[in-house]
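First the structure, in the form of structure tokens, and then the observations on it.
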Ligand SMILES: Cc1cc2nc3c(=O)[nH]c(=O)nc-3n(C[C@H](O)[C@H](O)[C@H](O)COP(=O)(O)OP(=O)(O)OC[C@H]3O[C@@H](n4cnc5c(N)ncnc54)[C@H](O)[C@@H]3O)c2cc1C
Ligand code: SF4
Ligand code: SF4
């Protein structure tokens, strides 16, 4: 920390305290600041200052004071990001939205919730479910990530196959430009064609365009019941065909998770049920809706695959359901036993390309001589690819790095995308121009410039550094 | 769905496999005392059985992958939204401040702001021994700065035979009425005059004239009954002796003779939490002697969640001896108990708060609920989030009043919403905190240990 920045830090902190911030909202000491320089990617930096506004007014004050010094701003939710979105990659201020966490309204007549960005996703789900309503997006981090972070990363989860991702539920937003001006987009209307759809633009913008201060979210009636089944198949192709058959036969699952062979082998010992030796792919399928519909659809599922599937287990109650889910929940710790480290990417491919990418990854794994474990969302083509390695072994580290490059190339060749849900952040920005043409990127950058001409809001993210 | 799902009991089982041992703490003192004023006598340091070295501590810190799952459950983070206050941030601070550096304020604040409620540990898919690390950090802090004089005095009472806690409380029981008055509805006192560290809603327990040991002097136990060792714990012994009597009565009804050695000392939990490793070791050593002297009695029961949690972590208990929370013990004898109750049930609506040291410390959730269903049948109702900490956290409620009250408020709101007349919890610390909560929120419910309700039913004639 240079002397200049420590003077600046003190000056800023004093100004904020004078304008009504309480000490616990102003983090200004070096040690404490180190806690605002990381996220789930485990990068470690330190911002100049970390500020935790309680409301819009304070947010505006921060932007004004930071603007006077042309300081850079890095928005932060819970810091659970998997692509380094909130990392203060340059000298600047972290604005942590965790204290703006009011659920402002649950409008039951219009089925819309209005929330502040720091609301924890799981808590919103709990609050609306008490009124018989349902907010479906379910990233695995829902118990601790914020809605604001979910919106800016366009987070998704297993239920995306039926309900869509966070963006599909955002009806409108209010957000602050880095110059302190507020913009409003969207509304409570289901149909709305009035100018550019800035709401959709801000969804997935990774905190680079504006700081979101209020969010309107669509709600649904809560499904009456959920039925969970586990199906094992002898090959990825058979499983993919099964997924396709489900859709064609008008079974409408709310979740179709898959585990590849390596995942199955890793998690098998931790499971409270036995999976056949020959199982190459496991599907975890959930059907939700009215009692009667769920029953007939589940029966249909059983009929349809009684010959192809090596095994079908239906959960009859909540305990059995939880048992089946262990196949997925115990997976992360289980694969940690394969190697001390993993490089984890969340590519997505068109549905039909799943068997192809899995088989190409298998060949890649042999070629680079590192295990590659895949699991994820078979219903929407989003695959978690884990290259397992020991980073302390230089040769493995190099091979791992090479593997990631190749994985992205393969993915794009098959019409896929770099990230299904975690975003680009600063960990994937180097690959960004693999996916998009120069003209496309230039258009995106022009948009960025329109929102943030000085490049002061979350710089160093999404776009490759020159 | 969740990738890093909470896995109840996993962290717990790792804990009971024996880390967290007092010997490790002794090693920690050793490691830290090399770098700070070595206030610790060498005599204590000879208690080494298992060794957690500096590098093991570093290894433990490395296990954290910064996923943030601990944010979902940390009561302090929930109220403050501050990253330094959640396990991830605390571990980060503990890791980056190297051992020969001075402790920055942020470090001290973070380490201080912890209820040692184990919520994070229960939710951590990496099994990081978070509370052990925080306790180690507190030992480091105490080694560097010394202990808060009030705590130092209090812990001296726990250890000292002449100026003992028993005598101190007896004196207090005579003087308490000058400054405090009885609560109209609850068992407890509130202040008459402004006193430092209190407000008009602070509830302290009534200090009884006669403690459990005094009362038991006149007891004539039946030596023919199979014996069970009863570890009452300080709260039961000195503050709520009736609870101890209730427990002894229930054991007798079930056909057991409760043996209550007067030589038992504090379980050590509060000294551990305060980073006073020396007192902690001494207390444990005394208790281990008592356990050894009674080694023939294999079953040890306690009605205090924190004592149970602490005792289960003791090393060197006599072979085959088994520490049980009273709810676990009763569950084992459920058939007999059901017969004894002959269908008698309370007609009051009852709810239950999971003590952290029972649920997250010992993995016990099923047995207390079985007991309450036995006591109240359909009248037992769950509150929302019974697992959330009440904010007591040993002395945390006294040292961080405002924050503790905020945490408590959510608990009392949840209790209010059930419409219950009685809020139960298997921990004297939680019960006192909940009582204060009822006073602050002006709620109508009373607070009780499930065991006292059971004893009441057993005593009642049909
Ligand atoms: C164990 C684990 C499991 C996960 N599972 C999933 C999953 O299943 N699906 C999934 O999609 N993701 C998952 N993630 C990734 C992560 O949780 C999501 O990206 C989440 O949406 C991030 O939310 P956050 O509040 O932590 O945001 P942060 O990580 O703090 O920030 C994320 C980005 O949003 C920006 N930002 C945050 N708040 C605002 C705001 N109010 N205004 C403007 N910009 C803002 C930040 O600048 C940053 O670029 C997982 C992460 C972990 C650690
Ligand atoms: S302590 Fe555990 S839960 Fe918290 S961030 Fe570290 S690994 Fe995750
Ligand atoms: S023990 Fe409790 S208070 Fe302490 S960090 Fe963990 S969850 Fe937070």
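Residue numbers (the working numbering), protein chains in the order written: chain A, 1 to 466; chain B, 467 to 928. We put the beta carbon where it would ideally sit given N, CA and C, even for glycine.
Would you kindly work out how many angstroms separate the C-alpha atoms of residue i and residue j, rounded to a whole number?
i	j	result
residue 501/B	residue 604/B	Confidence at residue 501/B is low in this model, with a pLDDT of 39, below 50, so its placement is unreliable and the value that follows should be read with caution. Computed Cα separation, rounded: 14 Å.
residue 95/A	residue 745/B	43 Å
residue 906/B	residue 72/A	44 Å
residue 817/B	residue 371/A	51 Å
residue 272/A	residue 260/A	19 Å
residue 848/B	residue 890/B	11 Å
residue 168/A	residue 877/B	35 Å
residue 456/A	residue 102/A	27 Å
residue 918/B	residue 608/B	38 Å
residue 699/B	residue 733/B	7 Å
residue 450/A	residue 148/A	22 Å
residue 509/B	residue 662/B	Low per-residue confidence applies at residue 509/B: pLDDT is 34, beneath 50, and the placement is therefore not dependable enough to give any value.
residue 357/A	residue 338/A	22 Å
residue 689/B	residue 587/B	43 Å
residue 626/B	residue 619/B	10 Å
residue 718/B	residue 572/B	52 Å
residue 238/A	residue 354/A	11 Å
residue 9/A	residue 635/B	51 Å
residue 602/B	residue 270/A	32 Å
residue 874/B	residue 880/B	10 Å
residue 288/A	residue 395/A	47 Å
residue 737/B	residue 534/B	29 Å
residue 640/B	residue 675/B	7 Å
residue 536/B	residue 870/B	19 Å
residue 664/B	residue 652/B	18 Å
residue 903/B	residue 306/A	57 Å
Against residue i, what residues of chain C qualify as contacts under a CB-to-CB distance less than 9 Å, listed in chain order?
i	result
residue 680/B	You won't find chain C in this structure, because its protein chains are A and B.
Assuming residue i is part of the beta strand (DSSP E), what are its boundary residues?
i	result
residue 258/A	255-259
residue 586/B	Per DSSP, residue 586/B belongs to no beta strand (DSSP E); it is in the alpha helix (DSSP H), 585-589.
residue 851/B	Run containing residue 851/B: none; DSSP gives neither H nor E here.
residue 183/A	182-186
residue 172/A	170-176
residue 213/A	211-218
residue 763/B	It is not in any beta strand (DSSP E) - residue 763/B carries neither H nor E in the DSSP assignment.
residue 818/B	816-819
residue 195/A	Unbroken run through residue 195/A: none, as it is neither H nor E.
residue 707/B	Looking at the DSSP string, residue 707/B is not in any beta strand (DSSP E); the run it does join, the alpha helix (DSSP H), is 707-719.
residue 74/A	73-76
residue 307/A	Note, residue 307/A: premise wrong, no beta strand (DSSP E); not H, not E.
residue 417/A	Careful: residue 417/A lies outside any beta strand (DSSP E) and carries neither H nor E.
Residues bridged to residue i by DSSP?
i	result
residue 646/B	657/B
residue 388/A	342/A
residue 780/B	Looking at the DSSP assignment, residue 780/B forms no beta bridge with any residue, so it has no partner.
residue 665/B	Residue 665/B pairs with nothing; no bridge assigned.
residue 726/B	BP columns for residue 726/B are empty, so no partner.
residue 27/A	50/A
residue 486/A	As shown, chain A starts at 1 and ends at 466. That puts residue 486/A outside it, with no answer to give.
residue 891/B	819/B
residue 113/A	106/A, 217/A
residue 96/A	76/A
The alpha helix (DSSP H) that contains residue i, what's its start and end?
i	result
residue 20/A	Run containing residue 20/A: none; DSSP gives neither H nor E here.
residue 551/B	Careful: residue 551/B lies outside any alpha helix (DSSP H) and carries neither H nor E.
residue 433/A	432-435
residue 944/B	What is shown of chain B runs 467 to 928, which leaves residue 944/B out entirely.
Below 7 Å, is the gap between the Cβ of residue i and the nearest heavy atom of ligand 5?
i	result
residue 80/A	What this structure holds is ligand 1, ligand 2 and ligand 3, not ligand 5.
Determine contact between the segment 552-561 of chain B and the segment 571-582 of chain B, defined as no fewer than three beta-carbon pairs at a distance below 8 Å. yes
Taking one C-beta from the segment 34-42 of chain A and one from the segment 74-92 of chain A each time, how about it: are there three or more such pairs within less than 8 Å? Yes, the segment 34-42 of chain A is in contact with the segment 74-92 of chain A.
So, do the segment 395-410 of chain A and the segment 59-76 of chain A have three or more beta carbon pairs nearer to each other than 8 Å? no
Would you call the segment 384-391 of chain A and the segment 342-351 of chain A in contact, with 3 or more CB pairs under 8 Å? With a cut-off of 8 Å on Cβ pairs, the segment 384-391 of chain A is in contact with the segment 342-351 of chain A, counting three or more such pairs.
Is there contact between the segment 739-756 of chain B and the segment 677-685 of chain B, where contact requires at least three CB pairs shorter than 8 Å? As far as the Cβ criterion goes, the segment 739-756 of chain B does not touch the segment 677-685 of chain B, which means the pair count is below three.
Cβ pair count under 8 Å reaching 3, the segment 139-158 of chain A against the segment 222-242 of chain A: no
Is there contact between the segment 414-427 of chain A and the segment 277-295 of chain A, where contact requires at least three CB pairs shorter than 8 Å? no
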